[in-house]
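Student: Residue numbers (the numbering used here): 1 to 370.
The C-beta atom is built at its ideal place from N, Cα and C for all residues, glycine as well.
Below you'll find the structure I mean.
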């Protein structure tokens with residue numbers, strides 16, 4: 001035992017959260033420089049944002065429900081003896097293929113929509129359903145009992161059926177340029193209101209997730225699916241309270257869901273996975289959960305202030321072009337359409353190549369102080 005060597009370091013740079021910090025800085029800078037200031041405002045608002053909602057649905061299925069099969073862990077065949085670069089390329093190509101196939105299907109076969117706001121509104125519903133089933137419910141009861149892509153296929157069918165039913169039966173397009181078209185199903189929920197509500201609900205999915213902010217607290221002893229039931233109810237209740245409450249206080253709807261709500265999602269991911277609960281791991285269970293949430297809230301305030309300063313000239317260009325967006329839409333674009341998914345893919349598919357290996361999400365566990 002005493003002659004055992006420590007495992008060989010894989011990758012360059014610091015281990016753990018140090019590597020995650022470098023990773024975050026690089027992706028944030030590249031995301032802002034290239035995907036905000038090197039792309040036309042019209043392309044961002046009218047094409048990229050709507051299309052990336054479908055991209056997010058695919059990413060959620062590959063990572064959460066397909067377990068990164070066939071090339072990346074936990075279900076893929078990668079080992080430390082194999083190339084992380086090859087695994088990353090393979091999984092990224094799969095991600096791109098599935099995304100483009102679905103976009104082409106939606107544009108040319110069903111429902112034959114041009115790329116635009118319909119993909120955004122419908123995509124948010126699909127993204128919400130994907131994360132509800134993948135993050136909160138963990139693919140129950142199929143995950144672990146069938147092949148990872150079997151779980152992914154079953155989930156995709158469930159997500160699409162639920163999304164189509166909600167879209168056809170519950171939504172309306174009143175107040176949008178499409179209000180007087182046959183696409184308006186005249187349901188009880190306006191698409192703009194529903195979008196804000198679902199983004200806020202997704203934010204609380206992440207907060208109460210078993211691996212992010214609260215690491216499942218206070219539902220840890222409820223078992224599965226008991227904890228998922230509790231998380232589902234609480235997340236949607238808090239989503240309604242924060243969405244309805246912010247509107248009642250007179251806050252801009254886009255500031256509420258696009259700036260604050262999306263930043264809560266983004267920093268639940270970055271702080272808890274990439275930065276590994278930096279500064280609060282000496283606590284366990286409830287103390288860590290509350291401390292992590294407080295730290296995230298402080299970071300979110302700083303993050304929004306910084307982004308509003310960095311993105312102000314891009315927002316001016318959006319306003320000058322008379323596009324249906326503002327600086328808050330650019331914030332959600334950066335958080336959830338560019339930097340967030342890039343960080344997830346870099347950890348899940350590329351195993352943080354060429355930096356050191358990332359730790360699994362939820363590290364350290366809530367019962368272990370570090």
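Less than 8 angstroms separating the beta-carbons of residue 293 and residue 363?
Tutor: Not a contact, by the Cβ cut-off of 8 angstroms.
Student: Cα separation between residue 307 and residue 146?
Tutor: Their backbone Cα atoms lie some 43 angstroms apart in a straight line.
Student: Within 10 angstroms of the Cβ of residue 215, are there 16 or more other Cβ atoms? Answer buried if so, exposed if not.
Tutor: Residue 215 comes out buried.
Student: The alpha helix (DSSP H) with residue 288 in it runs from where to where?
Tutor: Note, residue 288: alpha helix (DSSP H), 285 to 310.
Student: Under three-state DSSP, which class holds residue 151?
Tutor: Residue 151 falls in the helix class under three-state DSSP.
Student: Name, in chain order, the residues that DSSP records as bridge partners for residue 172.
Tutor: Residue 172 pairs with 190.
Student: With three or more beta-carbon pairs closer than 8 angstroms as the criterion, would you say the segment 62 to 82 touches the segment 133 to 151?
Tutor: Touching, per the Cβ criterion.
Student: Can you give me the C-alpha to C-alpha distance between residue 276 and residue 119, rounded to a whole angstrom?
Tutor: Roughly 34 angstroms separates the two Cα atoms.
Student: Exposed or buried, residue 112, counting other C-beta atoms within 10 Å across all chains shown (16 or more means buried)?
Tutor: Residue 112 is exposed by the Cβ-count criterion.
Student: Quick one, are the C-beta atoms of residue 254 and residue 136 less than 8 angstroms apart?
Tutor: Not closer than 8 angstroms, so no.
Student: Do the segment 40 to 51 and the segment 125 to 134 touch if we need at least three Cβ pairs shorter than 8 angstroms?
Tutor: Because the criterion of three Cβ pairs below 8 angstroms is not met, the segment 40 to 51 and the segment 125 to 134 do not touch.
Student: By alpha-carbon positions, which one of 32, 43, 73 and 81 ends up nearest to residue 346?
Tutor: When each option's Cα is compared against that of residue 346, the closest is 73.
Student: Please classify residue 354 as buried or exposed, where buried requires at least 16 neighbouring CB atoms within 10 angstroms.
Tutor: Under this definition residue 354 is an exposed residue.
Student: Contact defined as beta carbons within less than 8 angstroms: I believe residue 124 pairs with residue 98. What is the distance between those atoms, to the nearest angstrom?
Tutor: At roughly 19 angstroms, the Cβ-Cβ gap does not stay under 8 angstroms, so residue 124 and residue 98 are not in contact.
Student: Can you grab the Cα-Cα spacing for the pair residue 310 / residue 225, in whole Å?
Tutor: Approximately 43 angstroms, taken between the alpha carbons.
Student: Kindly indicate the opening and closing residues of the alpha helix (DSSP H) around residue 240.
Tutor: Counting along the chain, the alpha helix (DSSP H) containing residue 240 begins and ends at 226 to 248.
Student: Assuming residue 281 and residue 367 form a contact by the criterion Cβ under 8 angstroms, report the distance between their Cβ atoms to the nearest whole angstrom.
Tutor: About 12 angstroms; that fails the 8 angstroms criterion.
Student: Can you tell me the Cα-Cα spacing of residue 23 and residue 339, whole angstroms?
Tutor: Taking the straight line from one Cα to the other gives about 10 angstroms.
Student: Start and end of the alpha helix (DSSP H) containing residue 346?
Tutor: Segment 340 to 348, the alpha helix (DSSP H) holding residue 346.
Student: Spell out the partners DSSP gives residue 355 in its beta bridges.
Tutor: Looking at the DSSP assignment, residue 355 forms a beta bridge with 12.
Student: Taking residue 23 as part of the alpha helix (DSSP H), name the residues at either end of that continuous run.
Tutor: Element bounds for residue 23: 17 to 35.
Student: Can you name, in chain order, every residue of its own chain whose Cβ lies under 8 angstroms from the Cβ of residue 107, other than the five neighbours on each side?
Tutor: So the qualifying residues of the chain are 113, 114 and 115.
Student: Counting beta carbon pairs with one atom in the segment 256 to 276 and one in the segment 328 to 336, are three or more of them shorter than 8 angstroms?
Tutor: The segment 328 to 336 vs the segment 256 to 276: in contact.
Student: Can you give me the C-alpha to C-alpha distance between residue 157 and residue 141, rounded to a whole angstrom?
Tutor: Roughly 15 angstroms between the two C-alpha positions.
Student: Indicate the three-state DSSP secondary structure (helix, strand or coil) for residue 221 in the structure shown.
Tutor: Residue state, collapsed to three classes: helix.
Student: Per DSSP, residue 143 forms a beta bridge with which residues?
Tutor: In the DSSP output, where bridge partners are listed per residue, residue 143 has 146.
Student: Check whether the segment 183 to 194 touches the segment 165 to 175, counting contact only when three or more Cβ pairs, one atom from each stretch, lie closer than 8 angstroms.
Tutor: Counting Cβ pairs under 8 angstroms, three or more are found: they touch.
Student: Once you ignore the five residues that flank residue 195 on each side, which residues in its own chain have a CB closer than 8 angstroms to its CB?
Tutor: Hits under 8 angstroms: 120, 121, 124 and 257.
Student: Secondary structure at residue 205, three-state DSSP: helix, strand or coil?
Tutor: DSSP places residue 205 in helix when its eight states are reduced to three.
Student: Residues in its own chain within less than 7 angstroms of residue 28 by CB, not counting five upstream and five downstream?
Tutor: 339, listed in sequence order.
Student: For residue 105, count the other beta carbons within 10 Å of its own beta carbon; 16 or more makes it buried, fewer makes it exposed. Which is it?
Tutor: Exposed is the call here.
Student: Give the DSSP-derived three-state secondary structure of residue 363 in the structure shown.
Tutor: Coil.
Student: Please return the same chain residues whose Cβ sits closer than 7 angstroms to the Cβ of residue 246, not counting the five positions on each side in sequence.
Tutor: Within the same chain, residue 246 has close Cβ partners 256.
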